[in-house]
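S.K.: First residue of the sequence shown: 57, per the numbering used here; consecutive thereafter. Don't be surprised by glycine CBs; every beta carbon is placed ideally from N, CA and C.
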Amino acid sequence: AIKGPAATVAAVLVGLVVLLSLAPAVVALVTAFTPSKGPVLNYGGFTLVHLETALTRSVQPLWNSLALAGVATVTGVVFSVAVAYLVVKRPSSATGTLDILVMLPLTIAGTVLGIALVNTFNTGWLVLTGTWMIMALAYFLRRIPNSVRAAVGPLHNVRDSIEEASVSLGVPPLRTFFKVVMPLIGPAVAAAAVLMWVTTLSELSATIVLYYGGMSTMPI
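#1: Give the secondary structure of K145 by DSSP, where H, G and I count as helix, E and B as strand, and everything else as coil.
#2: Taking the DSSP output, what are the residues bridged to V96?
#3: Kindly give me the distance between the Cβ atoms of A165 and S258, rounded to whole angstroms, as I take these residues to be in contact under 8 Å.
#4: Could you check which residue in G170, S114 and A140 has the C-alpha nearest to that of I156?
#5: Rounded to whole angstroms, how far is the Cβ of A248 from the Cβ of S203, which I believe are closer than 8 Å?
#6: Give a yes or no on whether the C-beta atoms belonging to T255 and T263 are separated by under 7 Å.
#7: Does I190 come out as helix, strand or coil in the three-state DSSP assignment?
#8: Helix, strand or coil for W253? Go by DSSP, reduced to three states.
#9: Indicate whether the contact test is met: 3 or more Cβ pairs, each with one atom in the segment 95-102 and one in the segment 159-176, closer than 8 Å.
#10: In chain order, what residues of the same chain lie with their CB nearer than 7 Å to the CB of M53, ignoring the 5 residues before and after it?
#11: Start and end of the alpha helix (DSSP H) containing P275?
#12: Under three-state DSSP, which class holds F135?
#13: Given 8 Å as the limit, is there contact between the segment 203-215 and the segment 235-243, that is, 3 or more CB pairs closer than that?
#14: Hey, would you say T131 sits closer than 7 Å to W253, going by beta carbons?
#15: Taking all protein chains shown into account, decide if S77 is buried (16 or more other Cβ within 10 angstroms of its Cβ) or exposed.
#16: Could you name the residues of the same chain whose beta carbon sits closer than 7 Å to that of L230, not counting the 5 residues immediately before and after it, in chain order?
#17: Leaving out five residues before and five after H106 in sequence, what residues of the same chain have Cβ atoms less than 7 Å from its Cβ?
#18: Going along the chain, which residues of its own chain have a beta-carbon closer than 8 Å to the beta-carbon of L184, five neighbours each way excluded?
#19: Check P228 in the structure and name its three-state DSSP category.
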């Protein structure tokens with residue numbers, strides 16, 4: 057561990073990076089309450105008109121965004137924890153392949169993913185194009201890699217002996233997972249869920265290909 061002046065410099069640099077990363081959020085927050093005339097913002101003033109407009113004239117897009125983000129986040133967290141557990145605790149060639157497959161959406165642009173989903177689910181026995189489910193699926197696929205990685209890290213710190221001790225005391229494996237493993241990785245999973253939900257609310261590239269009348273989101 058570093059000490060003295062080096063620690064102070066490191067703390068200042070880390071604090072600077074944090075402040076810079078938060079700057080866009082601060083600008084968005086300030087702008088939300090800043091009066092405007094067309095595209096011109098009058099900084100120094102205060103207004104609730106923008107929020108009033110969002111809550112009165114854009115209720116449906118707001119609801120659509122919240123609902124789709126909620127569905128994608130819940131399914132994404134459940135899937136991520138299951139995949140992470142298999143990859144870390146049940147290593148094999150199959151789980152190794154699964155780990156690679158869940159990372160593939162990172163290599164695909166959102167617009168391309170949207171077009172691929174339309175082409176895949178436009179005909180056949182499962183038609184999702186023109187429904188909210190294809191939008192939720194796109195959000196799920198776009199954010200699942202980050203959620204899996206967030207769950208994999210803490211699982212590496214959970215020793216197998218802890219689970220084995222629980223099972224040896226007569227607790228079934230599934231119950232052991234929820235009573236022993238989940239409390240240990242819970243904070244990381246919760247953080248991943250918040251990140252997935254927030255980033256899904258702002259998803260635009262895939263949405264612009266998949267949305268239809270009545271299913272506009274706030275980014276649209």
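M.R.: Inspection of the coordinates gives the following:
#1: helix
#2: As computed with DSSP, V96 is found in a beta bridge with K93.
#3: Not a contact, Cβ separation roughly 16 Å.
#4: A140
#5: Their Cβ separation, rounded to whole angstroms, is 5 Å, which keeps A248 and S203 in contact under 8 Å.
#6: T263 sits away from T255, with the two beta carbons spaced by 7 Å or more.
#7: helix
#8: Looking at W253 - three-state DSSP - the assignment turns out to be helix.
#9: no
#10: No answer is possible for residue 53: the residues shown for the chain start at 57 and end at 276.
#11: Note, P275: premise wrong, no alpha helix (DSSP H); not H, not E.
#12: helix
#13: The segment 203-215 vs the segment 235-243: in contact.
#14: no
#15: Exposed, by the Cβ-count rule.
#16: Leaving aside the five residues that flank L230 on each side, none in its chain has a CB nearer than 7 Å to its CB.
#17: By the criterion of a C-beta distance shorter than 7 Å, H106 is surrounded in its chain by A88, once the five residues flanking it on both sides are discounted.
#18: L173, F177, I190 and L193
#19: coil
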